[in-house]
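Protein chains in written order, with our numbering: chain C, 62 to 419; chain X, 30 to 238.
Here a beta-carbon is modelled for each residue, glycine too, at the ideal position from N, C-alpha and C.
These notes are about the structure you will find just below.
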Amino acid sequence: MNRILYLTIVREYYRQNAIFIFVVLMFAIGFLSGREHMAIINQALHVPFVLGCIFLIWVLYAVKVTLFTARFLSQRSSEFLYHIRLFPPRKRIWAFMNLQFWLIQLSFTYSVLMLGIGVVEKTWGAVLAIVLINTGLVVAGAWVYEYRIKRPNSRQDVVRKYFSLNLTTPQFLFYPRHLLTQQTVLLLITKAFSAFVLMGVCYLYPTDDYDIRLISLGCLLAAFSQSVILQNLHFFERMYFEIYKNMPVSGLHWFLNYLLTLAVILFPEAVVLARNFPAGLSPADGLIQFFFLLSVTVMLLHYQVFVAGNNESGFQVVFFSGLTLAILVMFKIPVWAFSCAGLMAAYLVLKRRFYAVE
Amino acid sequence: MLKVQNFTKSYSGQKIIATDDLLIPDGIHWVRGVNGSGKSTFFRSVAGIVPYEGHISWNGIDQKAHPIDYRLKVNMSEAEPLYPQFLSGYDILSFITKAKQGTRAQLLDLAGRFDTPAYWKNPCGTYSSGMLKKVAIISAFLGNPELIILDEPLITIDVRSVGVVYELVKEFYEEKGVNFLLSSHQDFIFENLPILHSYQVENQTIFKV
Chain C
62 MNRILYLTIV REYYRQNAIF IFVVLMFAIG FLSGREHMAI INQALHVPFV LGCIFLIWVL
122 YAVKVTLFTA RFLSQRSSEF LYHIRLFPPR KRIWAFMNLQ FWLIQLSFTY SVLMLGIGVV
182 EKTWGAVLAI VLINTGLVVA GAWVYEYRIK RPNSRQDVVR KYFSLNLTTP QFLFYPRHLL
242 TQQTVLLLIT KAFSAFVLMG VCYLYPTDDY DIRLISLGCL LAAFSQSVIL QNLHFFERMY
302 FEIYKNMPVS GLHWFLNYLL TLAVILFPEA VVLARNFPAG LSPADGLIQF FFLLSVTVML
362 LHYQVFVAGN NESGFQVVFF SGLTLAILVM FKIPVWAFSC AGLMAAYLVL KRRFYAVE
Chain X
30 MLKVQNFTKS YSGQKIIATD DLLIPDGIHW VRGVNGSGKS TFFRSVAGIV PYEGHISWNG
90 IDQKAHPIDY RLKVNMSEAE PLYPQFLSGY DILSFITKAK QGTRAQLLDL AGRFDTPAYW
150 KNPCGTYSSG MLKKVAIISA FLGNPELIIL DEPLITIDVR SVGVVYELVK EFYEEKGVNF
210 LLSSHQDFIF ENLPILHSYQ VENQTIFKV
């Protein structure tokens with residue numbers, strides 16, 4: 062039973078949430094140094110309020126993983142898991158506790174670090190509280206799964222009763238959510254590559270007397286590395302949202318929507334730029350470079366979706382336009398002006414071709 | 030009145046459906062044709078979902094010249110809707126309500142008739158084909174349409190929901206003057222719906238029967 066739960070739920074959870082965990086780790090390790098973590102943990106071990114705040118984050122994370130499992134169990138493909146009810150209760154609950162334990166590893170691993178420091182510091186009250194909260198999260202999760210497994214088809218009622226929120230996914234997040242849940246590997250590889258490129262060019266600055274063009278070239282490469290993601294956006298909309306063409310909304314609406322979608326997709330690049338931007342360059346330069354990265358990506362999207370479509374020769378045009386742009390950057394074109402002109406061109410392409418694409 | 034002029038729809042150079050001049054008056058109309066005859070392609074062209082050659086206008090509003098005004102008046106429900114697994118029916122319907130300038134009250138009323146609030150906040154990946162179909166049918170009634178195209182509205186849904194579809198079509202036609210283009214391989218129950226004309230899609234064209 063443990064193996065089945067691990068293979069079906071735990072693996073699927075980490076597969077679907079790889080980016081979420083990556084982002085959390087990036088924030089945890091990228092923004093806070095080891096010394097800052099130690100300071101926070103020391104504060105938490107001595108100040109109950111800080112410890113309470115950390116517990117609240119762990120509880121929220123446990124709610125997230127529990128809702129994931131509950132939702133997973135409601136899928137038709139998971140119906141076979143209801144046979145778990147045929148196992149003896151003690152064995153079943155133990156398996157659910159095990160399941161919850163694997164799912165909360167993100168917070169549990171941090172709690173182990175806190176426990177270690179708490180033992181060294183001899184803050185026994187905090188240590189006991191950490192043990193109790195972890196036990197509580199595991200037991201509570203197991204209880205929810207036990208409740209759920211005993212009541213097939215009742216999840217909707219329970220969830221609705223307590224979480225009857227009218228929150229909806231805004232349209233500009235449809236595709237980022239698709240990437241996060243269905244195209245995780247593509248997203249991870251693309252982001253890893255573009256982050257590597259941007260960090261690489263940033264780290265080159267202290268080694269020689271480079272000007273802003275090097276960052277511009279990095280942004281250009283990072284933008285072009287998104288091209289498979291952009292091509293998939295085309296397939297995603299053709300597959301699920303052909304009905305968009307029946308919506309009475311303006312070209313400007315669609316354009317802004319694509320702009321927001323791409324700004325969300327490029328958020329990791331923005332974080333990498335912000336964290337590693339060379340000291341000699343101004344924050345305004347940083348904003349202009351991100352604007353350049355965004356606008357080139359927007360232009361690429363509009364070319365790939367509204368001009369090239371399913372035509373594979375479009376990639377040749379993408380390749381040669383990338384080379385041309387790189388040469389223009391080397392000749393010091395003002396990237397902000399180019400970005401504005403590019404966005405305008407992209408909007409005109411959309412306005413002209415939106416209904417013509419099939 | 031729906032006016033279709035010099036209309037040709039082709040895929041990869043192969044003609045699927047064409048008509049030089051077709052006028053469909055106000056009312057409820059039944060469009061028939063065997064599988065692959067081009068019914069859905071015709072409907073998708075009328076809804077503005079696929080590009081075509083020629084002109085289609087609704088009450089004088091040309092689809093190409095006035096894309097937004099036209100799409101405010103013409104709604105469509107697809108025969109076999111497909112939505113992303115991770116989005117909920119509520120996400121999709123909320124988006125369409127906003128785009129079609131409908132109201133939340135209207136959405137709740139329509140959803141309530143099909144009992145969709147029982148599941149609409151769950152991801153679409155958990156839906157049966159009938160549940161998906163109900164989401165698509167509701168989407169076609171949102172806003173203030175003057176023409177609603179329902180492609181195979183009776184397939185995959187349960188008997189009670191079939192009754193709701195008849196009820197809605199009749200209500201929207203009689204009380205709001207909304208016009209309908211319907212397609213179905215099953216016979217519509219004529220006493221339930223005042224169908225004005227039937228059209229046949231055959232030999233790559235569409236004509237009145």
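- Distance from the Cα of C:H107 is smallest, within the candidate group C:G383, C:A324, C:L176, C:F302, for C:L176.
- Per the coordinates, the alpha-carbon of X:T132 lies some 7 angstroms from the alpha-carbon of X:T126.
- Across the set X:L116, X:T70, X:L31, the C-alpha of X:T70 shows the shortest separation from the C-alpha of X:D180.
- C:Y206 is outside the set of residues whose beta carbon lies under 8 angstroms from a beta carbon in chain X.
- With distances taken between CA atoms, C:L247 lies nearest to C:S288 out of C:M260, C:S288, C:C280.
- About 4 angstroms separates the Cβ atoms of X:M105 and X:I178, confirming a contact at the 8 angstroms cut-off.
- Within the same chain, and ignoring the five residues on either side of C:S172 in sequence, the residues whose Cβ sits closer than 6 angstroms to its Cβ are I191, N195.
- Chain C has no Cβ within less than 8 angstroms of the Cβ of X:K163.
- Contact between the region 151-171 of chain X and the region 107-122 of chain X is established, with three or more Cβ pairs separated by less than 8 angstroms.
- By a beta-carbon distance limit of 8 angstroms, C:L259 contacts C:G279. Their separation comes to about 5 angstroms.
- Burial state of X:V230 is buried, judged by a 10 Å Cβ sphere holding 16 or more other Cβ atoms.
- Restricting attention to C:T170, C:R336, C:V124, C:R76, the CA atom closest to the CA of C:G261 is found in C:R336.
- Here C:N318 is not near C:Q244, since their CB atoms are 8 angstroms or more apart.
- For the region 113-124 of chain X, the set of residues with a beta-carbon nearer than 7 angstroms to any beta-carbon of chain C comprises P113, F115, L116, Y119, D120, S123, F124, in chain order.
- Bridge partners of X:E231 according to DSSP: X:T234.
- Apart from sequence neighbours up to five positions away, the residues of its chain that approach C:L275 with a beta-carbon distance below 6 angstroms are V262, ordered along the chain.
- Between C:A187 and C:L66, the beta carbon gap of about 32 angstroms keeps them out of contact (Cβ cut-off 8 angstroms).
- Within the region 227-254 of chain C, those residues whose Cβ lies closer than 7 angstroms to any Cβ of chain X are, in chain order, T229, T230, Q232, F235, R238, H239, T242.
- Contact note: C:K125 does not reach chain X at a C-beta cutoff of 8 angstroms; the least C-beta distance is about 15 angstroms.
- By the 16-neighbour rule on beta-carbons within 10 angstroms, X:Y148 is buried.
- The beta-bridge partner set that DSSP reports for X:I90 consists of X:W87.
- Note on geometry: alpha-carbon atoms of X:N35 and C:Q350 lie some 50 angstroms from one another.
- Runs of the alpha helix (DSSP H) lying entirely within the region 159-201 of chain C and spanning at least 4 residues, in chain order: 166-182.
- Taking C-beta separations shorter than 7 angstroms and ignoring five residues to either side along the sequence, the partners of C:V85 in its chain run L167, following chain order.
- The residue among X:D55, X:E200, X:V79, X:I57 with its C-alpha nearest the C-alpha of X:I46 is X:V79.
- For the alpha helix (DSSP H) assignment, the uninterrupted runs of no fewer than 4 residues enclosed by the region 149-210 of chain X are, from N- to C-terminal side, 158-169, 188-205.
- The DSSP-derived three-state label of C:E303 is helix.
- If you draw a straight line from the Cα of C:F88 to the Cα of C:W163, it is about 22 angstroms long.
- DSSP places X:N35 inside the beta strand (DSSP E), whose first and last residues are 31-40.
- At least 8 angstroms separates the CB of X:V191 from every CB of chain C.
- Take the alpha-carbon of C:I118 and the one of C:T170: they are about 14 angstroms apart.
- Think of a sphere of 9 angstroms around the beta carbon of C:V200: no beta carbon from chain X falls inside it, the nearest being about 26 angstroms out.
- Interface residue (Cβ-Cβ distance to chain C less than 8 angstroms): X:L179 is not classified as such.
- In terms of Cβ geometry, X:Q233 and X:K44 form a close pair [threshold 8 angstroms].
- DSSP places X:Q43 in the strand class (E or B) of the three-state scheme.
- Neighbourhood of C:K306 in chain X, by CB distance below 7 angstroms: G77, I78, in chain order.
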